[in-house]
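Everything in the sequence shown is counted per our numbering, starting at 90 for the first residue and increasing by one. The beta carbon of each residue, even a glycine, is placed where N, CA and C say it ideally should be. These numbers were taken from a predicted model, which means no experiment stands behind them.
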Amino acid sequence: MKNRLKVLRAERDWSQGDLAERLQVSRQSVNAIETGKYDPSLPLAFRIADLFGLPIEDIFLREG
Numbered sequence: 090m091k092n093r094l095k096v097l098r099a100e101r102d103w104s105q106g107d108l109a110e111r112l113q114v115s116r117q118s119v120n121a122i123e124t125g126k127y128d129p130s131l132p133l134a135f136r137i138a139d140l141f142g143l144p145i146e147d148i149f150l151r152e153g
């Protein structure tokens, strides 16, 4: 699943570590989500959406 996490994070001048801290996950988890190696759980996807003040659909995009 593609996502806009890296762009949204960069717009706020947050490091992966900053975002990880806000989401209470590891920096490695943020990196894996950004690079498409890991799809977040639904609860984590909702936390990400809430943090950025956006609907999940504006952050995570279906491929194909």
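- Annotation for residue 128: no alpha helix (DSSP H) segment contains it, and DSSP assigns it neither H nor E.
- The continuous stretches of alpha helix (DSSP H) do not include residue 114, and DSSP gives it neither H nor E.
- Minimum Cα-Cα distance from residue 105 among the listed residues 119, 134, 142 corresponds to 119.
- Excluding sequence positions up to five before and after residue 127, its CB lies within less than 6 Å of the CB of 121, all in the same chain and listed in chain order.
- Around residue 143, the same chain offers 97 as residues with beta carbons nearer than 8 Å, after the five sequence neighbours per side are excluded.
- Annotation for residue 148: 92, 93, 94, 97, 134, 137, 138, 141 place their beta carbon closer than 8 Å to its own, counting only its chain and skipping 5 residues before and after.
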